[in-house]
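Enquirer: Per this note's numbering, residue 11 is the first one in the sequence shown, and the count goes up by one each step. Backbone N, C-alpha and C define an ideal beta-carbon position, used for all residues, glycine too. Computed from a prediction, not measured in an experiment: that's the story for all the values here. Please see the structure below; I have some questions.
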Amino acid sequence: MASRRRPLSIKTGREDSGSGVEEKEGGEGKGTDNGEITEAEEAEEEEEEEEEEEPVSPAGRLFLQPRFNCHIVSVMGCGKRLDVDAVKAGLEVTLVRHPRFSSIQVSDEKPLRWVRTKVNVEDHVIIPDLDPNATSANPDKVVEDYVASLSSTTMDHSRPLWDLHILNFVTSEAAAVAILRIHHSLGDGISLMSLFLACTRQCSDPDRLPSLPDARSSTAANSRSGILELLLWVWAGLVLAWHTLVDVVLFTATLAFVKDTRTPLVGMEGVEFHPKRFLHRTVSLDDIKDIKKAMNCTVNDVLVGITSAGLSRYLDRRYGEGDDVKKEKKRLPANIRLRTALLVNIRRTPGIHALAEMMEKGKGGGAKWGNKLGYMVLQFPIAIFEDPLEYIRRGKAIAERKKNSLEAVFTYWSAWVIVKIFGIEALTLHFQSYTNTMKIVVAVDELTIPNPNQLLDDLTESLRLIKDAIPRS
11 MASRRRPLSI KTGREDSGSG VEEKEGGEGK GTDNGEITEA EEAEEEEEEE EEEEPVSPAG
71 RLFLQPRFNC HIVSVMGCGK RLDVDAVKAG LEVTLVRHPR FSSIQVSDEK PLRWVRTKVN
131 VEDHVIIPDL DPNATSANPD KVVEDYVASL SSTTMDHSRP LWDLHILNFV TSEAAAVAIL
191 RIHHSLGDGI SLMSLFLACT RQCSDPDRLP SLPDARSSTA ANSRSGILEL LLWVWAGLVL
251 AWHTLVDVVL FTATLAFVKD TRTPLVGMEG VEFHPKRFLH RTVSLDDIKD IKKAMNCTVN
311 DVLVGITSAG LSRYLDRRYG EGDDVKKEKK RLPANIRLRT ALLVNIRRTP GIHALAEMME
371 KGKGGGAKWG NKLGYMVLQF PIAIFEDPLE YIRRGKAIAE RKKNSLEAVF TYWSAWVIVK
431 IFGIEALTLH FQSYTNTMKI VVAVDELTIP NPNQLLDDLT ESLRLIKDAI PRS
């Protein structure tokens, strides 16, 4: 990622230019022919924006709870050393123009809401003073330690809740590193990906936004008609209603009295105040797709299975620590209840969308900016199976069952309950596909999980064992 001096204007309104994606600021065709905004128009828009107020969404309020003060931390490796002045100039005409990145949260006699404010980019771009000897000796560890330090510091709520940290030294994977920290109340990953894409341009045409794939639609034509189709529709509705009812009852029971098994993965009291260690491991996306094809499931089903297998291996080892029993003896207790809050995008239209589409107001579109996230309480099968593919079979069954439920919609409107049930846990897993790879990212409380690299080893080894076990054609 090379820095550039040519400003990039973020564009949040549509322009019928024939490109399908080109947009203009403001949504009303304002601006010059090259997409830039005149000073008069900019002043007018700023006056209008200062009067705009928007309520904070239920999920946004969740992320502001004292015990759930959650940030999105994006670590970006760059191909060249970053020009700090160029970065600041770019932020002025991109992120700073976005309503969420130029607003603060106000709570007085009115409900919590977003209010526009003046942004000083200098307050948001941070160049840390790091030990040059450490950055030369072990730059990867310096980055890891610095990211961990961000998890234990808070943001100043008197200004917009984001900052950019620039580490201009070479690591094993990049010539420089940029760390963007965003309070999760600003938006979810889908929203932020749309915003980041709006800050970029095509390599072949620097004046055009990147093209986005068309929204996927079902290609399976329903050949049934008449009474049979009606019966199937009614049956599907009844199954959906029943599964939703069961999930809501279980969710309520979890709030009241059903607790997870006390395992080495459960954090101690006060874990939410401990710094988190962030580590990642890169695996082949092709391996995951091979498993998906062989098992006739989805990529997410495979990831559920791999996670279950990796956690089982890790816990089996932890339970055996200090034991003199033989290595081959299984030490994992039976009937472990280990659950996770799985984030689900509840927008009617999945995938990444153009920023203009997400920012449109008063429209019934299926993609909107914000935290449109629900939660599913998913129980992992924790056991040591002789057949590695059993993890995928069970992961597929769990995922298919959860897909046929409106639990995520229910939890979106009762998001505060998640804080009481889960709070901040000792382990968070995140999977991010990039080009032909899958990044497995873990955020851990080191007091609970003192050997996070071993956990990553168990996850990658589980993927290898499952890949080796699939039938060969």
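If you run the structure through DSSP and keep just helix, strand and coil, what is Asn4?
Expert: In the structure as shown, the chain starts at 11 and stops at 483, and residue 4 therefore has no counterpart that could be examined.
Enquirer: For Leu101, which of Leu388, Pro142, Leu160 and Leu174 has the nearest alpha-carbon?
Expert: Leu174
Enquirer: Which same chain residues, not among the five before or five after Pro220, have their C-beta less than 8 Å away from its C-beta?
Expert: Val31, Leu207, Thr210, Arg211 and Gln212
Enquirer: With a threshold of 8 Å on Cβ separation, who are the neighbours of Thr254 within its own chain once the five nearest residues in sequence on each side are excluded?
Expert: Ser415, Leu416, Glu417 and Phe420, listed in sequence order.
Enquirer: Give me the Cα-Cα distance between Val281 and His81, rounded to the nearest whole angstrom.
Expert: 16 Å
Enquirer: Spell out the partners DSSP gives Cys88 in its beta bridges.
Expert: Ala186
Enquirer: Looking at Thr104: is its Cβ nearer than 7 Å to the Cβ of Leu295?
Expert: Contact flag unset, no.
Enquirer: Any idea if Ala246 is buried or exposed, counting beta-carbon neighbours within 10 angstroms, 16 or more meaning buried?
Expert: Ala246 is exposed by the Cβ-count criterion.
Enquirer: In angstroms with no decimal places, state the Cα-to-Cα distance between Gly261 and Ala185.
Expert: With the sequence shown as reference, residue 261 is identified as Phe, and Gly is not the correct amino acid for it. Roughly 47 Å separates the two Cα atoms.
Enquirer: Would you mind listing the alpha helix (DSSP H) stretches within the segment 60-145 that are 4+ residues and don't spill past its ends, in chain order?
Expert: 68-72 and 94-102
Enquirer: When you compare each of Val312, Cys307, Asn310 and Pro343 to Tyr324 by their alpha carbons, which one comes out closest?
Expert: Pro343
Enquirer: Is it buried or exposed for Trp379, if we count other Cβ within 10 angstroms and need 16 for buried?
Expert: Buried, by the Cβ-count rule.
Enquirer: At the level of alpha carbons, what is the spacing between Ser201 and Glu331?
Expert: 43 Å
Enquirer: Please classify Val451: does DSSP put it in a helix, a strand, or coil?
Expert: strand
Enquirer: Closest to Gln442 by C-alpha separation, out of Val451, Ala436 and Glu435, would be which residue?
Expert: Val451
Enquirer: Compare the C-alpha of Arg327 against each of Asp300, Leu238 and Leu275 and name the closest.
Expert: Leu275
Enquirer: For Lys413 and Phe179, what's the separation of their Cα atoms in angstroms?
Expert: 44 Å
Enquirer: Could you tell me which residues DSSP pairs with Gly175 in its beta bridges?
Expert: Residue 175 is actually His in this sequence, not Gly. His175 is bridged to Ile136 and Ile189.
Enquirer: Have a look at the DSSP bridge pairing and note the partners of Ser443.
Expert: In the DSSP assignment, the residues bridged to Ser443 are Met448.
Enquirer: Helix, strand or coil: which one does DSSP assign to Ser195?
Expert: helix
Enquirer: Should Ala409 and Val312 be called a contact, given that it needs their Cβ atoms to be closer than 7 Å?
Expert: no
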